[in-house]
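Novice: If you count by our numbering, then the sequence shown holds residues 323 to 929, one letter each, in order.
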Amino acid sequence: MGHELTLLFGLVLILGMAAQWLAWAAQIPAIVLLATAGILVGPVFGVMDPSADLGGLLEPLIKLGVAIILFEGGLSLQWHELRQAAAGVRRLVSLNVLFMFAFGSTAAYYLGGLSLPVAMVFGAIGVVTGPTVILPLLRHARLRKRPASYLKWEGIINDPIGAILAVALFEYFTYTGGGNGGWQEMALHLAMGLGLAVALGVVGAWLMAEGLRRGHMPEYLKGPIALAGAIAVYIAADLYMEELGLMAVTIFGLVLGNRKLASIGELRRFKEYIAVILVSAVFILLTADLKPATLMALDWSTVALLAAMIFLVRPASVFLATLGTDMSWQERTLVGWIAPRGIVAAAVAGVFGPRMAEQGYAGGELLLPLVFGLILATVVLHGFTLSGLARYLGLSVSRTNGVLIVGASPWTVGLAEALREARVPVLIADPSWSRLRPVRNAELPVFHGEVLSEHAEHTLEFNEAGYLLAATDNDAYNALVCTRFAGEFGRHRVFQLPAPQKSDEGAVPYTPGMRGQVTPKADAWYDDLVADTYRGYVFHRTQLTEKYPYRQWRADGGDRLLPVALVREGRQVRFFSPDSEVHPRAGDILIAFGPPGARDDARGPGG
């Protein structure tokens, strides 16, 4: 048994990470590949049967996994995002919930032919748009900040709301029989539970934040202890009412993530790594546990119900709920279409469907296949259409891999102009308005401020940039910027100028993970580059072809120039660096720095 479980967990982990990597490499939603992997190893080939293999362990493992995922989601929610999209978010987690519940229940009753109790439980589950699906989709789609905030806040907040509403309705119908005298008791029980969830989340987060701030735990234990604290809050709330822990742990993460702790960045990264593994594992386990007979139970009436939920209920609910807000029609259209259901919906349906069927409620046996059908349909439809629809509506950031240059100087202005001429978007950031004057005169985009500040985090669309170049005269600051943004850009996409010649004054010794890759070469120091610019050195652009390759460029005078970057098809940028090899090829635009007299010698055909 132990050997079989080892193989099962190992296979789930390998499949999950393989699906995540393939999704990244192929630029398709990871959740689609995770669902496909689970279906293939489960109902299609029968490699695993989680219900049989894990028995009673499956449900608690999934519940704990979902709790940790919601905690990580809560950590990622920032109050400044809510301030930017406050009216829309408030409507999406209030009126939108009521409309989706009412319309979904009505559709389930009349179209699906379900009994009223089962239809109402289905309507409550249909409210859920889980972070287990939304967050991977947002990571892939690269939406602008405001529409991303709408979907993220709704997914994380509504996930526990829908689950708790389904639990309350289930208890009302199964334990009171749906009698008129039971609703007051149910409402009181629910209100007390919500109060308990809020209290546990807020108090638990305050205690955890104080412990982190006052140094009551070592650095290496901060992440694990915060994780244990989240699980403790979840269990305490869940003991009072099933699924209430989801609400408590979300509030715990939300409050903790907004306490402005010095170590919150490391905490978020630690939780994000765990969440990626858990999302992958839980989704594979759930789809692998899907039985063919479950989906075979669906007929034309239930297919019509699912179509109504996707194409009518969701869009109508969002448009009605957001009337009178500052949401644009493009944002309302995107949010009205995107509503993938995830793990919480499946887990709740898997528990309540069989129980309601056992108690004789008509349609109880259809609850699970209906929810799984809704999950699969929305994951595929919304997963493959989010990016395209966002681009069509103008709500996604550029995928042209622009360059964020930190530090305004004559050299960086020249580089930015050369990149712009190669049709690469560039943004130069600097806290000095006077240093930005030449940048503004060149009509280049600027950010006036400190890129490491909270203001920059709130206002800059970092997704528009695919590469970062730290090019100030302070080597320590360059290293700090690269280290800070390595997680967002990717460590292979953050670059900085080499340490100054006098390496004992303000230079950071090269240590992997503590600075960016050096560009353009090890002795291209800031002072020398700026001095050369004042001497008249300029940037040259050369189009390499089959007839005019890189070696010919060097032979024609290119060896007098300093190669800085390549721009490839699709405007992919490659910076020259002693830390990684760059191989120029036909079709590349070569950007080099050097004396103006070398321009005509090295420009090549079309240069």
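Every residue gets a Cβ at the ideal spot worked out from N, C-alpha and C, and that includes glycine.
Could you give the distance in angstroms between the alpha-carbon of Trp622 and the alpha-carbon of Asn480?
Specialist: For this step, residue 622 is matched to residue 300 along the sequence shown. For this step, residue 480 is matched to residue 158 along the sequence shown. The alpha-carbon atoms of Trp622 and Asn480 are separated by roughly 29 Å.
Novice: List, from N- to C-terminal side, the beta strand (DSSP E) runs of 3 residues or more that fit wholly inside the segment 835-918.
Specialist: Runs found: 860-865, 884-890, 894-897 and 911-916.
Novice: With distance defined between alpha-carbon atoms, name the residue in Ile361, Pro372, Tyr542 and Leu356 nearest to Thr328.
Specialist: Counting from one through the sequence shown, the residue named residue 328 turns up at place 6. When each option's Cα is compared against that of Thr328, the closest is Pro372.
Novice: By Cβ distance, which residues of its chain are closer than 8 Å to Val363, with the 5 residues on each side in sequence left out?
Specialist: Taking the sequence shown and counting its residues from 1, one reaches residue 363 at position 41. Result list for Val363: Leu333, Leu337, Val369, Met370, Ile606 and Ala610, in chain order.
Novice: Cα-Cα, which of Phe915, Asp901 and Lys869 is closest to His907?
Specialist: Here residue 907 refers to the residue found at position 585 when the sequence shown is read from its first residue. First, the residue type needs correcting, since residue 907 is Arg and not His in the sequence shown. Out of Phe915, Asp901 and Lys869, Lys869 has the C-alpha closest to the C-alpha of Arg907.
Novice: Would you say Asn418 faces chain B, with C-beta separation under 8 Å as the test?
Specialist: Absence of chain B from the displayed structure is noted, only one protein chain being present.
Novice: Going by C-alpha distance, which of Val354, Leu386 and Val525 is nearest His462?
Specialist: Residue numbering aside, residue 462 sits at position 140 when the sequence shown is read from its first letter. Checked all of Val354, Leu386 and Val525; the closest Cα to His462 is Val354.
Novice: Give me, in chain order, the residues of the same chain whose beta-carbon lies closer than 7 Å to that of Arg745; leave out the 5 immediate sequence neighbours on both sides.
Specialist: Within the sequence shown, residue 745 is the residue found at index 423, counting from 1. So the qualifying residues of the chain are Arg893.
Novice: From His770 to Val440, what does the alpha carbon distance come to, in whole angstroms?
Specialist: Taking the sequence shown and counting its residues from 1, the one referred to as residue 770 is at position 448. Taking the sequence shown and counting its residues from 1, the one referred to as residue 440 is at position 118. For His770 and Val440, the distance between alpha carbons rounds to 56 Å.
Novice: Could I get the ranges of all uninterrupted alpha helix (DSSP H) runs contained in the segment 751-781, with 4 residues as the minimum, in chain order?
Specialist: Fully enclosed alpha helix (DSSP H) runs of 4 or longer: 759-763 and 776-781.
Novice: How should Ala792 be labelled, buried or exposed, when 16 other C-beta atoms within 10 angstroms of its C-beta is the threshold for buried?
Specialist: For the purposes of this step, residue 792 is identified with residue 470 of the sequence shown, where counting begins at 1. Result: buried.
Novice: Would you identify the three-state DSSP class for Val816, choosing helix, strand or coil?
Specialist: Along the sequence shown, one-based indexing puts residue 816 at 494. Note: Val816 maps to strand in three-state DSSP.
Novice: My output table needs one value for Val748: the three-state DSSP class, helix, strand or coil.
Specialist: Here residue 748 refers to the residue found at position 426 when the sequence shown is read from its first residue. Correct three-state label for Val748: strand.
Novice: On the criterion of 16 or more Cβ atoms from any shown chain inside 10 Å, does Ser825 qualify as buried, or is it exposed?
Specialist: Locating residue 825 in the sequence shown gives position 503, where the first residue counts as 1. Confidence is the limiting factor: at Ser825 the pLDDT is only 49, short of 50, which leaves the residue's position unreliable, though a coordinate-based value still follows. Exposed, by the Cβ-count rule.
Novice: Tell me Val725's beta-bridge partners as DSSP assigns them.
Specialist: Counting from one through the sequence shown, the residue named residue 725 turns up at place 403. According to DSSP, Val725 bridges with Val748 and Tyr789.
Novice: Can you have a look at Glu394 and say buried or exposed, based on whether 16 or more other CB atoms are within 10 angstroms of its CB?
Specialist: Translated into the one-based positions of the sequence shown, residue 394 becomes position 72. Burial call: buried.
Novice: Are Pro732 and Tyr856 touching if we call contact CB-CB under 8 Å?
Specialist: Locating residue 732 in the sequence shown gives position 410, counting from the first residue. Locating residue 856 in the sequence shown gives position 534, counting from the first residue. It is a contact, given that the beta carbons lie within the stated cut-off.
Novice: Can you tell me whether Glu476 is buried or exposed? The criterion is at least 16 other CB atoms within 10 Å of its CB, across all chains shown.
Specialist: Position 154 of the sequence shown holds residue 476. Glu476 comes out buried.
Novice: Identify whether Leu627 lies in helix, strand or coil by the three-state DSSP scheme.
Specialist: As a position in the sequence shown, residue 627 is number 305, starting the count at 1. Reduced to three states, the DSSP call for Leu627 is helix.
Novice: In the structure shown, what three-state DSSP assignment does Ser585 receive?
Specialist: Position 263 of the sequence shown, counting from 1, holds the residue named residue 585. DSSP places Ser585 in coil when its eight states are reduced to three.
Novice: Tell me, which residues are paired with Ser602 by DSSP?
Specialist: Residue mapping note: residue 602 aligns to position 280 of the sequence shown, counting from 1. Note: Ser602 sits in no beta bridge, so no partner.
Novice: Touch check for the segment 642-659 and the segment 416-424: three-plus C-beta pairs under 8 Å?
Specialist: The segment 642-659 is in contact with the segment 416-424.
Novice: CB-CB under 6 Å to Ala943, same chain, minus the five flanking residues each way: which ones, in chain order?
Specialist: Since the first residue shown for the chain is 323 and the last is 929, residue 943 is missing from the structure and cannot be characterised.
Novice: Can you give me the Cβ contacts of Leu460 inside the same chain, cut-off strictly under 8 Å, excluding the 5 residues immediately before and after it?
Specialist: Here residue 460 corresponds to residue number 138 of the sequence shown, with the count starting at 1. Result list for Leu460: Ala470, Leu473 and Lys474, in chain order.
Novice: Look up Leu438 in the DSSP assignment and say whether it is helix, strand or coil.
Specialist: On the sequence shown, residue 438 is found 116 positions in, with the first residue counted as 1. Leu438: helix per DSSP, three-state reduction.
Novice: Does DSSP put Leu518 in a helix, in a strand, or in coil?
Specialist: Position 196 of the sequence shown holds residue 518. Three-state result, Leu518: helix.
Novice: Sort Gly537, Ala446, Leu436 and Phe574 by Cα distance to Val524 and report the nearest one.
Specialist: Counted from its first residue, the sequence shown places residue 524 at position 202. For the residues Gly537, Ala446, Leu436 and Phe574, the minimum Cα distance to Val524 belongs to Phe574.
Novice: Go through its chain and collect everything with a Cβ distance to Arg762's Cβ below 8 Å, but skip five positions before and after it.
Specialist: Your numbering for residue 762 matches position 440 in the sequence shown. Counting only Cβ-Cβ distances below 8 Å, and skipping sequence neighbours, we find Val768.
Novice: Is the segment 839-850 touching the segment 805-818, taking contact as three or more C-beta pairs under 8 Å?
Specialist: With a cut-off of 8 Å, the segment 805-818 and the segment 839-850 count as touching, because enough Cβ pairs lie within range.
Novice: Mapping the DSSP letters down to three states, classify Leu620 as helix, strand or coil.
Specialist: Here residue 620 is taken as the residue at index 298 of the sequence shown, counted from 1. Residue state, collapsed to three classes: coil.
Novice: For Ser639, which residues of its own chain have a beta-carbon under 7 Å away from its beta-carbon, when the five flanking residues on both sides are left out?
Specialist: Here residue 639 refers to the residue found at position 317 of the sequence shown. Result list for Ser639: Asn418, Phe421, Met422 and Phe425, in chain order.
Novice: With distances taken Cα to Cα, identify the nearest neighbour of Arg663 among Arg464, Val895 and Ile632.
Specialist: Sequence index remark: in the sequence shown, residue 663 carries index 341 (1-based). The shortest C-alpha separation from Arg663 is found at Ile632.
Novice: Can you tell which of Lys613, Leu627 and Gly545 has the C-alpha that lies nearest to the C-alpha of Ile596?
Specialist: Position 274 of the sequence shown holds residue 596. Ranking the options by Cα distance to Ile596, first place goes to Gly545.
Novice: List the DSSP bridge partners of Leu465.
Specialist: For this step, residue 465 is matched to residue 143 along the sequence shown. Bridge partners of Leu465: Ser718.
Novice: Are Thr794 and Gly729 touching if we call contact CB-CB under 8 Å?
Specialist: Your numbering for residue 794 matches position 472 in the sequence shown. Your numbering for residue 729 matches position 407 in the sequence shown. Their beta carbons are under 8 Å apart, which means Thr794 touches Gly729 by this criterion.
Novice: Buried or exposed, going by whether 16 or more other CB atoms sit within 10 Å of the CB of Tyr432?
Specialist: If you number the sequence shown from 1, residue 432 lands on position 110. Label assigned to Tyr432: exposed.
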